[in-house]
Each structure stands twice: as C-alpha cells, then as structure tokens.
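Residue numbers (the working numbering): 306 to 617.
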Amino acid sequence: MVSDTDLLYTFREATLSQLGFIGLGIMGYRMAGHLLRAGHEVALWSHTAGKAEKLASEGKGTVCLSPREVGQRADFIFLCVGNTAMVHDVCLGKDGLIETARKGTVIADCSSIAPDASVEIGLVLAAQGIDFLDSPVTGSTGGADKATLTFMIGGDKAAYERAKPYMEIMGKLFFYCGGPGMGLRAKVTQNMVGAGIFQAFSEGLVLAAKAGIPPELMIDILENSAAKSGLASFKAPFILNRDFTTHFSAKWMHKDVGFATQMARDLNVPVPASSVTEQMLRATVASGRGDDDFCSAIRVLEDWTGTVIKKA
306 MVSDTDLLYT
316 FREATLSQLG
326 FIGLGIMGYR
336 MAGHLLRAGH
346 EVALWSHTAG
356 KAEKLASEGK
366 GTVCLSPREV
376 GQRADFIFLC
386 VGNTAMVHDV
396 CLGKDGLIET
406 ARKGTVIADC
416 SSIAPDASVE
426 IGLVLAAQGI
436 DFLDSPVTGS
446 TGGADKATLT
456 FMIGGDKAAY
466 ERAKPYMEIM
476 GKLFFYCGGP
486 GMGLRAKVTQ
496 NMVGAGIFQA
506 FSEGLVLAAK
516 AGIPPELMID
526 ILENSAAKSG
536 LASFKAPFIL
546 NRDFTTHFSA
556 KWMHKDVGFA
566 TQMARDLNVP
576 VPASSVTEQM
586 LRATVASGRG
596 DDDFCSAIRV
606 LEDWTGTVIK
616 KA
C-alpha cells in the first residue's frame with residue numbers, strides 16, 4: 306500500500322526541474338538557495354565564481370563558466386543582477402543566454418532595470434522563441450532569506466504561469482501587471498513611493514532633533530499617529546543604532562527612483578517631491594555611501610545640520 310508520504314515524494318520528484326540562476330549577490334544568493342533546497346537542479350553563474358561554488362555544494366547545483374552554459378542546462382532561468390547593462394550582457398552579449406537557450410525557455414529577470422530596455426531585450430529573445438519576463442522583487446534581504454518576496458511580473462501571461470511554481474519557492478505575493486515592462490514600471494513606482502516616505506521621515510527626525518526633541522520620543526509619537534509608516538518603523542531601529550548594513554543599497558534605490566522620474570518625464574507627469582528625493586539619494590551616493598543601505602540617506606541631512614540621530 307502506497308502511503309501519503311510516498312505519494313507526496315513521488316509528486317515532488319515529478320515536478321523537479323532543471324533551473325538556472327544568474328547573479329548571486331545579496332538577493333540572488335538567497336533566492337537561488339531556496340531553489341536548491343527544494344531539490345531542483347540549478348545551473349549557477351556569477352561574476353564571483355566562489356559564490357557559485359559555495360552555493361552549488363548545498364544541493365544539486367552546477368557551477369557554470371558563462372551564462373551561455375546556463376542556457377544549455379536550464380529550461381527556466383532566473384536573473385538577479387545589478388543593472389540594465391548586466392542584463393543585456395548575460396542575455397544578448399558574447400557567451401550570453403541567447404546563444405544556447407532552447408525555444409520555449411522562460412527567462413525571468415528579477416533585477417530592477419530600465420523598463421524600456423527590458424522590453425527591447427525581450428523582443429530580441431522572442432525572435433528566438435524564448436520567453437522573457439520582467440519580474441522584479443521587493444522585500445529586501447529579509448524577504449529573500451524567508452522566501453517571502455513580492456514579485457511584480459510583466460510579459461506573456463502563459464509564460465508567467467509556467468514559471469510561477471518556481472517563483473513560489475522564493476516568494477509569497479505575486480502581481481501580474483500586464484505585458485512586457487509592466488512589472489518593472491510597477492516596481493520602480495513602488496520604490497519611488499517608499500523612498501519618498503523615507504525622505505520625509507528623515508527630514509522629520511532631523512528637524513525634531515534640531516529643535517530638541519529626542520529621536521526616540523519623536524519616533525514613538527509618529528508610531529502612534531496617522532503619520533505611521535511600515536517602512537519607517539522597520540528602518541528606525543537601524544538608524545538609532547547607527548547600523549547601515551545593506552539590505553537594499555542607496556545606489557540601487559537611487560537607480561530605481563531615477564527610472565521612475567524618467568518614466569514620469571516620458572509621460573509628462575509632474576513628480577516634484579520624488580525629483581527632490583532622487584537628488585538626495587544622488588547626494589548620498591556622491592558622499593561615498595552608495596553601497597550602504599538606503600536608510601543612510603539620512604546622514605546627508607545630518608551632515609548639513611550637524612545633527613546625529615541615535616539612541617540617547
């Protein structure tokens with residue numbers, strides 16, 4: 306007699322797939338790890354070979370010498386790299402995925418890149434019968450650790466449905482936003498709003514501190530008012546403890562807000578507050594703090610005012 310456990314094991318084995326993951330930074334390493342722990346064979350590539358070697362040892366991982374090799378080995382490939390140029394290179398460049406990916410392969414790009422460039426990359430891949438999804442994520446390293454990321458997806462819906470079971474290993478919430486580029490347009494809008502909230506929170510804390518109100522008291526007041534923000538609540542302890550360890554870097558937040566303000570210009574939509582926020586993030590990067598968490602943006606205001614927000 307076959308037990309329920311045996312049936313579950315048989316079903317699980319039947320659904321295991323050959324996957325690929327390109328980009329093993331602070332987000333990608335964690336995301337790919339969940340795919341390996343689920344039992345999938347995962348072809349891995351990163352500019353830092355040591356990361357791929359370490360991760361491969363944790364499951365059925367194969368270290369690849371190039372994105373081209375990942376394309377040979379995988380039917381569903383996830384990308385999580387730093388910028389638009391990197392996505393273009395791993396997809397369309399020399400030794401890129403386009404050289405070997407088979408017709409019907411789904412490439413899901415979890416990076417945050419320029420929406421219009423993403424659409425163009427997708428068109429080139431589509432001509433080879435390869436489906437390309439823009440599927441950026443939000444949730445920072447905590448969400449990547451706990452497999453609770455939120456995905457925003459643009460592209461062919463049928464391709465998304467095929468890739469979704471693997472996304473569900475890494476995330477919790479999924480929003481299909483429409484055709485190519487729409488997931489990215491939603492993501493950069495979301496980050497524009499988040500950055501604006503944090504900018505207002507930073508200005509309020511610095512203003513209150515300069516006026517003589519202890520930061521912990523001001524945070525407590527905000528927490529118990531209509532001005533309460535989930536993002537501010539999460540970031541406040543890090544600021545008070547002067548802990549700017551990167552969960553989502555200032556340079557990547559600046560990049561995403563820049564994409565959003567460019568989208569606004571293209572659509573003739575005024576976004577005056579977000580334009581100032583983009584400049585404050587640029588000042589953070591220019592001050593040498595671009596690789597720190599984006600909450601380090603408060604330090605630009607601290608520098609200007611001679612104020613430090615910390616525990617009493």
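Where is the CB? At the ideal position from N, CA and C, for every residue including glycine.
What number of angstroms, rounded off, separates the C-alpha of residue i from the C-alpha of residue j?
i, j, result
"residue 523", "residue 513", "7 angstroms"
"residue 562", "residue 408", "35 angstroms"
"residue 383", "residue 327", "6 angstroms"
"residue 474", "residue 341", "10 angstroms"
"residue 546", "residue 416", "30 angstroms"
"residue 375", "residue 506", "43 angstroms"
"residue 354", "residue 348", "13 angstroms"
"residue 403", "residue 370", "15 angstroms"
"residue 405", "residue 366", "19 angstroms"
"residue 456", "residue 615", "34 angstroms"
"residue 401", "residue 350", "11 angstroms"
"residue 497", "residue 565", "6 angstroms"
"residue 575", "residue 587", "19 angstroms"
"residue 585", "residue 612", "17 angstroms"
"residue 607", "residue 508", "9 angstroms"
Using the DSSP secondary-structure output, state which residues sit across from residue i in a beta bridge.
i, result
"residue 554", "598"
"residue 390", "Answer is none; residue 390 lacks a bridge partner."
"residue 437", "412"
"residue 325", "348, 382"
"residue 366", "347"
"residue 456", "442, 479"
Per DSSP, what kind of secondary structure is residue i in: helix, strand or coil?
i, result
"residue 477", "strand"
"residue 346", "strand"
"residue 313", "At residue 313, the pLDDT of 36 sits below 50, so the modelled position is not reliable and the matter cannot be decided from this model."
"residue 591", "helix"
"residue 418", "coil"
"residue 568", "helix"
"residue 443", "strand"
"residue 483", "strand"
"residue 336", "helix"
"residue 488", "helix"
"residue 517", "coil"
"residue 549", "coil"
"residue 524", "helix"
"residue 331", "coil"
"residue 577", "helix"
"residue 530", "coil"
"residue 613", "coil"
"residue 462", "helix"
"residue 405", "coil"
"residue 306", "Only weak support is given to the placement of residue 306: the predicted model assigns it a pLDDT of 42, under 50, and the question is left unresolved by the model."
Can residue i be considered in contact with the ligand FMN, in the sense that its beta carbon sits closer than 6 angstroms to one or more heavy atoms?
i, result
"residue 333", "For the structure depicted, the ligand FMN is absent and the ligand set is empty, with no information on it obtainable."
If residue i and residue j are in contact, beta carbons under 8 angstroms, what's the gap, nearest whole angstrom?
i, j, result
"residue 446", "residue 332", "7 angstroms"
"residue 589", "residue 555", "5 angstroms"
"residue 485", "residue 424", "5 angstroms"
"residue 378", "residue 325", "6 angstroms"
"residue 438", "residue 411", "7 angstroms"
"residue 443", "residue 454", "7 angstroms"
"residue 396", "residue 426", "5 angstroms"
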